[in-house]
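Report on one structure; see the data block that follows.
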Amino acid sequence: MIIYTNEFERQQQEGTSYLECFQKTNLRRTEIASMTYASQMICGSSLMGYSVYFYQQSGLPMKQALNLSIGQFAIGFVGTVLSWWLMGMFGRRTLYLLGTCMSLILLVTMGAVGIPKQTEATTWAAGSLLLVLTFFYDISIDPITFCIVAEIPSTRLRAKTVVVARCLYNVSGLVCNILTPRMINPTAWGWGAKAGFFWAGITLCCLVWMFFRLPEPNGRTYGELDILFEHEVPARQFATTAIAQLGGNGHSIPSKGTEAN
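Numbering of the sequence shown is given in this note's numbering, commencing with residue 4 and proceeding in unit increments.
Set out below in structure tokens:
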């Protein structure tokens with residue numbers, strides 16, 4: 004299977020230049036890898052990175068802010084470990100979508116908590132919501148991103164596709180790390196917990212993209228993924244499309260009428 008897959012991809016593309024990452028079926032694969040990597044950064048994760056400062060500006064004393072931050076890392080660790088089993092049970096796409104949906108709900112709720120006058124109750128509510136957000140982020144978006152980015156590119160262009168995707172991730176991180184402190188800082192924009200609304204809007208855009216463009220690679224060989232991309236199978240049909248893969252230089256894919264329901 005490995006030999007066949009390698010030979011199949013050699014026939015589909017010559018050379019391994021970066022330009023090929025943006026040609027033919029590789030363009031779609033580069034898009035998926037890049038957007039998935041960027042989504043890992045722009046779906047509210049920068050709030051977790053500035054968690055201690057966020058807790059402080061939400062009204063918590065320094066000691067409590069540090070305690071919550073330590074708890075946040077512990078919760079993230081538990082979520083990541085659980086994701087190892089959940090990915091096999093539910094697949095990448097399903098778990099990624101569920102995690103993003105939960106992040107959207109939590110970010111909207113966090114923003115709503117920031118609207119009333121700051122009290123002890125709203126302070127702890129905002130901090131607790133960030134902890135829950137961390138759990139759902141680390142059980143889905145964060146670990147699954149690395150699986151998708153590694154599985155989606157073709158074997159011949161994987162390294163270069165990951166480099167392109169990582170570049171978009173770094174640019175996204177630069178923008179997020181410039182904006183987030185200004186959102187939280189009371190002497191700058193002073194949004195506080197209302198920053199959740201901004202990241203909720205970005206998360207919603209990512210969720211729409213994921214629904215239509217993010218395929219399910221779970222349980223597929225690299226050869227099967229090559230065929231699915233070559234035949235431009237819609238992302239939502241990746242998990243249900245049956246593939247008949249032949250030996251030698253040929254391959255085939257059944258018509259839509261033979262797809263599994």
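Backbone N, C-alpha and C fix where the C-beta goes; we use that ideal spot for every residue, glycine too. All values reported here derive from a predicted model rather than from experimental measurement.
- Judged by DSSP in its simplified three-state form, I181 adopts helix.
- In this structure, Y140 is the residue among G91, G117, K120 and Y140 with its C-alpha nearest to the C-alpha of C104.
- Apart from the 5 residues on each side of it in sequence, M51 sits with its Cβ closer than 6 Å to the Cβ of T137 in its chain, given in chain order.
- In the DSSP assignment, V152 falls within the unbroken alpha helix (DSSP H) covering D145 to E154.
- Three or more beta-carbon pairs separated by less than 8 Å are not found between the segment 160 to 178 and the segment 115 to 135, which leaves the two stretches without contact.
- Non-local C-beta neighbours of I155 in its own chain, meaning closer than 7 Å and more than five positions away in sequence, comprise R32, I35, A36 and P220, ordered along the chain.
- Comparing alpha-carbon positions, the option among T28, K120 and F214 lying closest to S61 turns out to be K120.
- Not a single unbroken stretch of the beta strand (DSSP E) spanning 3 or more residues falls wholly within the segment 107 to 138.
- Taking a 10 Å sphere around the C-beta of M113, we find 16 or more other C-beta atoms and assign the residue as buried.
- Cβ-Cβ distances below 7 Å link V152 to A36, T39, Y40, V165 and A168 in the same chain, with the five nearest sequence neighbours on each side left out; the list follows chain order.
- With fewer than 16 other Cβ atoms from the protein chains shown falling within 10 Å of its own Cβ, Q26 counts as exposed.
- A residue is called buried when at least 16 other Cβ atoms come within 10 angstroms of its Cβ; G222 does not meet this threshold and is exposed.
- Per DSSP, F201 is one residue of the alpha helix (DSSP H) stretching across A198 to R216.
- Per DSSP, reduced to three states, the secondary structure at I246 is coil, with no helix or strand assignment.
- Taking 8 Å as the cut-off, the Cβ atoms of L107 and A203 count as close.
- Comparing C-alpha distances from N70 to each of F214, S54 and V84 shows the shortest one belongs to S54.
- Assigned with DSSP and collapsed to three states, Q43 falls in helix.
- S86 sits in a helix when the DSSP states are folded into three classes.
- Closest in alpha carbon position to I6, among P64, T224 and V211, is T224.
- Scanning its chain for C-beta atoms nearer than 8 Å, with the 5 sequence neighbours on each side dropped, one finds around P146 the residues T83, S86, W87 and M90, in chain order.
- In this structure, the alpha-carbon of R216 lies about 35 Å from that of Y58.
- Within the same chain, Cβ atoms closer than 6 Å to the Cβ of Q75 are found at S54, L134 and T137, the five residues on either side in sequence being excluded.
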